[in-house]
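Peer 1: Right, I'll just put the structure down here and ask away after.
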Amino acid sequence: MAGGAVANGNVGRLIGERALPEFYLIRQKFDDTHIDDIPAAISAAVERPGTLDRINAGQRVAIAVGSRGINNISLIVRTVASLIKGRGAAPFVVPAMGSHGGATAEGQAQLLADYGVTEQNIGCPVISDMTTVTLGRTQRGVDVFFDKNAYGADAVVLLNRIKPHTDFRGLYESGLTKQIVIGLGKQDGAEACHSRPVADMSANIRDIAEIALAKTSIVFGLAIVENAYDRTMSISALPSGCILDEEPALLSVARRHMPSILLSPFDVLVIDEIGKDISGAGMDPNISGRFVTDCASGGADAQRCVVLDITDQSHGNGIGLGVADFSVTRVFDKFDFETVYPNVITNALPASGKLPVILANDLQAIRAAVKTCRMIDHDSPAIVRIKNTLHMEYMYVSEALAARAREHASIDVVGGPRALNFDSAGNIDFNVWDNVL
């Protein structure tokens, strides 16, 4: 059993010093179909008529790139830019991320730079500007906005991952269509779309995208699907006229290959880090089960959730932290209100910007989560610890889950038992992932 120091004071006294169980390292097994040669796959995809062949010499071509932590993103953008230059055209990148990056041009450029999407790495300029043009209004009364620099280009190429959304369900969730509407709509487009009921989001996305596709120079979109291990599984080039028809099938593929915590239900979920580079919601609720709307469901079934850190790449954007029950002063100190709140105000979901109970250290937060669970064996709680909601192959599970893990056909128990290591200040050892992930 593991113990450790708890902060002094009445809160610490109430939480108590109940020992935590030992943990086992497990490996979850999913379909690992993936692409080894990314440039070759992209080159093959854009052989499809109506995609790269529509780009002509002398054209200025905007490549739309978002803020999600897409695997191989720098390589993918560099390859697309190179192929466009091979047609004699001049590519440039525009951030397509709505209100992310604090809804500033500088913040959005920095997010791309964190992913290696810089002029030096990709071989073409990055032009970040929050200015939009208005393209019209849908029959539902939603204004349609579009990035000014992309609108002024001779051609626009979309580049995004297709994935289930964190807040709603429909034929169009996270993908090329949403990138047209909210990504290239910048803060204006994001606010216009999010001002309507969440239940109507997918339908509004389609309506807005139809107008944008008709009134801009979007040529094609490169649709990426990743497997459960966050590896590139498929790359498809969709001509502009086929995006609305073909994206729903790719979303179905992505949904079937989403990872999950195979041992759900359990008592406590401990997440070492959240961030915008991990999910638009900080932690992907399709994994954690912690949604801020009632228009989507799924994920883990855990009574309590603990978050221990915000990634450096998120630049203090701790959006989604409030869906956890407990966190720590380390996270609160990183939480940048000026970065989080533009997102919250734009998406009209105040719950995404709330804060959980903040405790002095990691040990106190985990103990508090266990203590506040109802109707469980508090001496042997069922706890799952993950690094983040992107990396779901390896995780640590407490003794109460070890037997279930051994019996599960898609799980290998590969290490343990071992105690959770806390330093003298009661903070956990994050280095346990160094030789695992």
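Position one of the sequence shown corresponds to residue 465 (my numbering), numbered consecutively onward.
No residue lacks a Cβ here, since even glycine has one placed at the ideal position from N, Cα and C.
1) Label GLN584 either buried or exposed according to how many other C-beta atoms from any shown protein chain fall within 10 Å of its C-beta, with 16 as the threshold for buried.
2) Take THR596 and list the residues in its own chain whose beta-carbon comes closer than 7 Å to its own, dropping the five residues that flank it on each side.
3) When the Cα atoms are used, what is the spatial distance from SER844 to ARG720?
4) On the DSSP letters alone, give me the boundaries of the beta strand (DSSP E) that ILE847 sits inside.
5) Among all the DSSP beta bridges, which residues are the ones paired with THR598?
6) Might you give, ordered along the chain, the residues of its own chain that have their beta carbon closer than 8 Å to the beta carbon of PHE487, omitting 5 neighbours on each side?
7) Between ASP517, ASP736 and ALA663, which has its C-alpha nearest LEU854's C-alpha?
8) On the three-pair Cβ rule with 8 Å, is the region 740 to 753 touching the region 778 to 797?
9) According to DSSP, GLY782 sits in a beta bridge with which residue or residues?
10) Taking only runs of the alpha helix (DSSP H) that begin and end inside the region 641 to 717, which ones reach a length of at least 4 residues, in chain order?
11) Run through the DSSP bridge pairs and tell me what GLN492 is partnered with.
12) Which partner residues of ARG882 appear in the DSSP bridge assignment?
13) Run through DSSP, which three-state label would ASP501 get?
14) Ignore the nearest five residues each way along the sequence and tell me which others in GLN603's own chain have a CB closer than 8 Å to its CB.
15) Counting only runs of 4+ residues fully inside the region 493 to 567, write out the alpha helix (DSSP H) ranges in chain order.
16) Could you pull out every residue in the same chain whose Cβ sits closer than 8 Å to the Cβ of PHE632, ignoring the five residues on either side in sequence?
17) Would you mind working out which of ALA573, SER791, ILE725 and GLY580 sits nearest MET592, comparing C-alpha positions?
18) Got a sec? Which residues, its chain only, sit under 7 Å from GLN777 by beta carbon, not counting five neighbours each side?
19) Checking 8 Å against the spacing of the C-beta atoms, do HIS498 and ASN691 come in under that value?
20) Could you check the C-alpha separation between GLY817 and LEU576 for me, to the nearest Å?
21) Would you call the region 684 to 701 and the region 527 to 535 in contact, with 3 or more CB pairs under 8 Å?
22) Among residues of its own chain, excluding the 5 on either side of LEU901, which ones have a beta-carbon nearer than 7 Å to its beta-carbon?
Peer 2: For this structure:
1) Counting from one through the sequence shown, the residue named residue 584 turns up at place 120. By the neighbour-count rule (16 or more Cβ atoms within 10 Å), GLN584 is not buried but exposed.
2) Counted from its first residue, the sequence shown places residue 596 at position 132. Excluding five sequence positions before and after THR596, the CB atoms of its chain that fall closer than 7 Å to its own CB belong to PHE609, PHE610, ASP611, LYS612, GLY649, LYS650, ASP652 and GLY653, given in chain order.
3) For the purposes of this step, residue 844 is identified with residue 380 of the sequence shown, where counting begins at 1. For the purposes of this step, residue 720 is identified with residue 256 of the sequence shown, where counting begins at 1. When rounded, the distance between both Cα atoms is 33 Å.
4) Taking the first residue of the sequence shown as position 1, residue 847 is located at position 383. 847 to 850 is the span of the beta strand (DSSP E), which, as asked, contains ILE847.
5) Taking the sequence shown and counting its residues from 1, the one referred to as residue 598 is at position 134. Note: THR598 sits in a beta bridge opposite PHE609.
6) As a working mapping, residue 487 is identified with position 23 in the sequence shown. Excluding positions up to five away in sequence, the list reads ILE847, ARG849, TYR860, VAL861, SER862, GLU863, GLY880, PRO881, ARG882, ALA883 and LEU884.
7) Position 390 of the sequence shown, counting from 1, holds the residue named residue 854. Nearest Cα to LEU854 within the set ASP517, ASP736 and ALA663: ASP736.
8) Segment contact: the region 740 to 753 against the region 778 to 797, three or more CB-CB distances shorter than 8 Å; contact assigned.
9) Looking up residue 782 in the sequence shown gives position 318. According to DSSP, which records beta bridges pairwise, GLY782 is partnered with nothing at all.
10) Listed in chain order, they are 650 to 658 and 665 to 679.
11) Position 28 of the sequence shown, counted from the first residue, corresponds to residue 492. Its beta-bridge partners are ILE875.
12) Numbered from its first residue, the sequence shown carries residue 882 at position 418. Note: ARG882 is bridge-paired with PHE487 in the DSSP secondary-structure output.
13) The count along the sequence shown starts at 1 and reaches residue 501 at position 37. In this structure, ASP501 counts as coil in the three-state DSSP scheme.
14) Residue 603 sits at position 139 when you count from the first residue of the sequence shown. If we look at GLN603 and ignore the five residues flanking it on each side, its Cβ neighbours are ASP671.
15) Counting only runs of 4 or more, we get 502 to 509 and 537 to 550.
16) Sequence index remark: in the sequence shown, residue 632 carries index 168 (1-based). Excluding residues within five positions, the ones whose Cβ falls inside 8 Å are VAL662, ALA663, MET665, SER666, THR757, CYS759 and ALA760.
17) Position 128 of the sequence shown, counted from the start, is the residue given in the question as residue 592. Note that residue 592 corresponds to Ser in the displayed sequence, not to Met. For the residues ALA573, SER791, ILE725 and GLY580, the minimum Cα distance to SER592 belongs to ALA573.
18) Counted from its first residue, the sequence shown places residue 777 at position 313. Within the same chain, GLN777 has close Cβ partners ASP578, GLY739 and ASP741.
19) The residue you call residue 498 lines up with position 34 of the sequence shown. The residue you call residue 691 lines up with position 227 of the sequence shown. Yes, Cβ-Cβ distance for HIS498 and ASN691 is below 8 Å.
20) Reading the sequence shown from its first residue, position 353 is the one you call residue 817. Reading the sequence shown from its first residue, position 112 is the one you call residue 576. The straight-line gap from Cα to Cα measures roughly 23 Å.
21) Yes, the region 684 to 701 touches the region 527 to 535.
22) By one-based count along the sequence shown, residue 901 stands at place 437. Cβ within range, chain order: LYS851, HIS855 and TYR858.
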